[in-house]
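Here's the structure, in structure tokens; my notes come after.
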Amino acid sequence: MASQIDRCFITRGLQRCSTSRFLLWIAPWTAMLIFGLYCAGLCLLKGLNQTNMDNRYAFGLWIFLDLTVIALGAGAFFTGFLLYILKFKELKAVINSAVVIGLVCYSGAMGVLMVDVGQPLRAWFTFWYPNVHSMLTEVTFCISCYLTVLAIEYLPIVLKNRKLREVPGFLVFEFELHKLIFVLAGVGTFLSFFHQGSLGGLYGVLRGRPFAFREGIFVWPSTFFLFILSAAAVGPSFIILTTSLVEAITKKRLVKQRAFDLLARISGLLLSVYVLAKALDTLIWINRTSPGRGFLASQYYDWKPFGTWILFTEIVLCGLVPALILLAPRLRAHRVWMVSAAALACSGVALNRFVQTVQTLALPTLSFDKFLSYTPSWQETGTFLAVTAYGVLVYSFSFRYFQIFPEERELKAAQVIEPEVEEPVSAGRY
Amino acid sequence: MFPWNYGFHWGAGSYIFLGAFYTVLVVVVTTLIGALLRARRDLRGNASESIRWHNDFHDLPAADRVCRHVLTGEFKQRECPHAFDCRQCQTHAQLTEHRPAAYSDAVEADIFGMSFPVDRFYHRGHTWAHPETDGTVTIGLDDLGARLLGAPDEVILPEPGTQLRANGPAFRVRRREADVRILSPVDGEVVERGDITHAYVLRVKPLPGQVDMRHLLSGAEVKPWLVREMERLQLALTMEGASSPSLADGGVPVRDIASAYPQTDWDAVCGEMFLEP
Amino acid sequence: MSTETSKKAAGRYGMTIDIDRCNGCGSCMVACAVENNVPPAESGATDRTGITWIRVFQIDNGGRGAEKRSAFIPMLCQHCGDAPCVSVCPQQAIDVNPVTGIVEQMPERCLGCRYCMVACPYHARYFNWWDPAWPAGMEKTLNPDVAPRMRGVVEKCNFCHGRWHAAKQAGTSDSLSAYVPACAEACPTRAIRFGNLDAPAADVALGSQDPDSFRLLESIDTDPKIYYRSKKKWVREAANAPRPGKETPRG
């Protein structure tokens, strides 16, 4: 009975697992979510002493993961830009998935930020008394606006649900909203450009932290542009990663190879540009910026465990290598190579965000200071597990009840006709 | 945020920053309100059904959206640009103008063992329209459609007085797990309800003016269309897990196809055949 | 860059701290906590989560046995002329007072985002990780002229702002009123001296021009107002080195 009602909500023609199996899938994630909410509740009620952050490690696990998650969620704006503004039609296959992921990433980050600040009820102060010179103000404004835009972009996906579109009001509203989606895509691109950049600017402007400080153009340090580039480069990679994961879990083909191919090419291209820019920036920083502030760059890497291997890993292993793999047509045509390269690229960006948040704070500034270490407490880890669980749950519900992958039916037909034939890689637009 | 807040400084930075923020806010709110207002206008103008068909049409796979003139071999490949509303199509008007009169003689009433009378006009959603002598038009399910639904569990017909639009929903049928809306072939107002097992399902009074059947299939178009429909049905059955290909070319579908495939997702098969994705 | 920090104040309150005189007794730390209603540390607090607006650090010359020498450096907010913390606060809760040069903080507006703590290279800012709580009876020691801060906000030395207010109200001249913050008052060796850096005859003004005076992290151009002084070369080198045991890259 319940499964019959459940079936009514699932898009026609798509095969989804039985209701009981679905409940089995969401049960552990729900448990994780509840545990995580309990951890967050502890932090809100008892105070931030529940974390292992302290006066030297004012930013910890949460800020690092927030930055990473926002960089990974950049796929939403970038795919929207490529599809609705630059008209890369192949990406219609992944735009819905990208929007859901973006929504999950940004709303999760916002949730964690509300727990991270000492006085969450004062969050409106940033809007009421904004300091236009502060990068964090910029971030707050842009992320709030962009989350609104993402929520509005998510509406058509929800309203196209089989049962919901029976309501004439929802049907026509979805139709009219979809006609104007390019406006939202444009606004989203504008906002994302600025907040991805400002997240980089957060660290680049720190005159008091020579490890993080960078010179730049006008008020924007080089990290502003590097963060935008890396986010745009890794957004498509994260989409490749998540789509492959969903295909593996659901054992279905969801997206045509040409979409993967395009995403891989774009990611590879932008990654290469990023690696070049980052290498240049690092050289300038080592030879000019840091010594100009009175600190030799080599000394930063004397503090174990943060040796120069970190630079090498970030730029070469997790930057240049995946860029080359994704740019090689013969390699990216194979799922294993493509997914590995995407995973490396995402790890590279995570490492970059880690270096900016955690390594900056670990390194001493005063000569009589010490190198300090920090391990997150279980409450901090739990709060972030809540975000992960929330993400999986929202995505699972969206996948089950909404049509996240428009090419799914076509691929189902193709598999039936010729199950053994691999799709040829198309020549593409360029 | 506002100039009268304590600590507000008028500077280039504030102008640019707050200017950008307010612009973004205005654009987003305007878009949302614009969509809402247009939606309200659409609802008031009863455009929801045509919007629904427009959405459904574009959600159909590309292979299902082929122009009727591809069926008759006049085009090799062409997608219908008008969502099967041939009344608006210039190309269709030009092609039918030049069609020879003798074309309509050599047509069969019996195709693949199914009955497709020549005096009816067929909609691609498997309904037919027949202009009656009293000026009304009768509507029914064609033979393939009837065999697909077999003995339905429920048929929900519109009340007399309901306005129907071509390519809009006419009535609903339920059979096993299938719950489909059947498309109306013509514009008109329902004057009489029939039954799915009888001669006609609905009788409608067409809108004033000529009874326009240009957008419906007739004559020599019907057979090539049905060839394709049988292929589509075959594909739909296989896609939904029917274990063996049992409708070989030339085979006659049974009276109640659903009963021959008890394990198959009949909702998906009907959705495919009755053009409701 | 905040426009506020580039304005020149009428005078500037500053300090000189004579490292050679400091014996590490910690009276300044206690006096500061008492004056400013700093709550006692909660159980579970560590030296990294406790609040110490002024904090005495120990440096050593690296020698062993009889060769070993130590010195003590009291660290507090340097009240930088070009403060890195001012431009980063999203709520404009921090300001450099144009009259006094004191870097002021509004705890009522602080969101607790801790960005200023990340920005400060002197680690002079402290966060209220717990709700402030005084054991029963200890509330009688609270200073009625200073507001306590709530959980979740940042606080730091403000050159005993309450005392400045009192002095300003009592004073008559246009120039900066003379007053003494708690740490300078409590220091038994008078290592800490406070006054107007721009008044030519003032102790601090003379001290700041002493050739043995230096400021911490000069190379990052924060323009701090605390001048440290030591005649001992090893102290000057140790305090200014970019990291313990290394030479400075510039003179």
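Chains as they are written, first to last, in numbering that gives the first Met the number 0: chain A, 0 to 429; chain B, 0 to 276; chain C, 0 to 250. No residue lacks a Cβ here, since even glycine has one placed at the ideal position from N, Cα and C. Quantities reported herein were computed from a predicted structural model and do not represent experimental measurements.
Query, Result
"Going by DSSP, which residues form a beta bridge with residue 69 of chain C?", "C/59"
"Mapping the DSSP letters down to three states, classify residue 1 of chain B as helix, strand or coil.", "coil"
"Any chance the segment 108-128 of chain C sits against the segment 199-210 of chain A, with 3 or more Cβ pairs inside 8 Å?", "yes"
"How is residue 227 of chain C classed by DSSP in three states: helix, strand or coil?", "strand"
"In the DSSP assignment, find the unbroken beta strand (DSSP E) run with residue 127 of chain B in it and report its ends.", "126-130"
"Kindly list the residues whose CB is nearer than 6 Å to the CB of residue 265 of chain A, restricted to its own chain and excluding five residues on each side of it in sequence; keep chain order.", "235"
"In whole angstroms, give me the CA-to-CA distance for residue 55 of chain B and residue 270 of chain B.", "11 Å"
"With DSSP as the reference, identify every bridge partner of residue 103 of chain C, one or two as the case may be.", "C/94"
"Less than 9 Å between the beta carbons of residue 19 of chain B and residue 168 of chain A, yes or no?", "no"
"For chain A, find out if any of its Cβ atoms is closer than 9 Å to the Cβ of residue 127 of chain C; answer yes or no.", "yes"
"Starting from residue 502 of chain A, find everything on chain B with Cβ-Cβ shorter than 8 Å and list it in chain order.", "The structure shown does not extend to residue 502 of chain A, since chain A is modelled only from 0 through 429, so no value can be given for it."
"With a CB to CB cut of under 8 Å and the five nearest residues on each side skipped, what residues in its chain are close to residue 17 of chain A?", "2"
"Could you say which of B/74, B/132, B/167, B/171 lies nearest to residue 144 of chain B if we only look at CA atoms?", "B/171"
"If you reduce the DSSP assignment to three classes, tell me which class residue 222 of chain A lands in.", "helix"
"Does the separation of the CB atoms of residue 117 of chain A and residue 112 of chain C fall below 9 Å?", "yes"
"Using C-beta distances below 7 Å, list every residue in its chain close to residue 4 of chain C, excluding the 5 sequence neighbours before and after it, in chain order.", "Model confidence at residue 4 of chain C stands at a pLDDT of 44, short of 50, so the residue's coordinates are unreliable; what they give is reported in the following sentence. Hits under 7 Å: 80, 81, 82, 85, 95."
"Suppose you measure from the CA of residue 101 of chain B to the CA of residue 214 of chain B; what does that come to, to the nearest Å?", "Below a pLDDT of 50, predicted positions are generally treated as unreliable, and residue 101 of chain B, at 42, falls in that range; the measurement from the model is reported next regardless. Distance between the alpha carbons of residue 101 of chain B and residue 214 of chain B: 20 Å."
"For a cutoff of 9 Å on Cβ pairs, would you count residue 16 of chain C as touching chain A?", "no"
"Which chain A residues sit within Cβ distance under 9 Å of residue 121 of chain C?", "207, 364, 365"
"Helix, strand or coil, according to DSSP, for residue 0 of chain A in the structure here?", "coil"
"Under 8 Å Cβ to Cβ from residue 101 of chain C, same chain only, skipping five residues before and after it: list those, please.", "12, 78, 95, 157, 158, 160, 163"
"In chain order, what residues of the segment 217-243 of chain B put their CB closer than 9 Å to some CB of chain A?", "234, 235, 237, 238, 239, 240"
"Per DSSP, which one or two residues make a beta bridge with residue 57 of chain B?", "Paired residue(s): none; residue 57 of chain B is not in a bridge."
"How would you write the range of the alpha helix (DSSP H) that residue 109 of chain A sits in, first residue to last?", "91-115"
"Skipping 5 residues on each side, what residues in its chain have a beta carbon closer than 7 Å to that of residue 400 of chain A?", "8, 9, 160"
"Quick check: what's the CA-CA separation for residue 189 of chain A versus residue 192 of chain C?", "52 Å"
"Should residue 186 of chain A be flagged as near chain B, meaning a C-beta pair shorter than 9 Å?", "yes"
"Helix, strand or coil for residue 191 of chain C per DSSP?", "strand"
"Please work out which residues of its chain come closer than 7 Å, Cβ to Cβ, to residue 107 of chain A, disregarding the five sequence neighbours upstream and downstream, and give them in chain order.", "68, 386, 389, 390"
"Straight-line CA distance for residue 441 of chain A to residue 362 of chain A?", "Residue 441 of chain A falls outside the range modelled here, since chain A spans only 0 to 429, and no answer is possible."
"Interface residues of chain B around residue 16 of chain A at Cβ under 9 Å?", "Result: empty, since nearest Cβ-Cβ is about 14 Å, beyond 9 Å."
"Listing by chain order, which chain C residues have their CB less than 9 Å from the CB of residue 116 of chain A?", "110, 111, 112, 113, 151"
"Please list the partners that residue 239 of chain C has in chain A, where partner means a Cβ-to-Cβ separation under 7 Å.", "366"
"Could you list which residues in chain A have their beta carbon closer than 7 Å to that of residue 88 of chain C, in chain order?", "130, 133"
"For the segment 254-275 of chain B, enumerate the residues whose C-beta is nearer than 8 Å to any C-beta of chain A, in chain order.", "264, 266, 267, 270, 271, 275"
"Counting along the chain, where does the alpha helix (DSSP H) carrying residue 272 of chain B start and finish?", "265-272"
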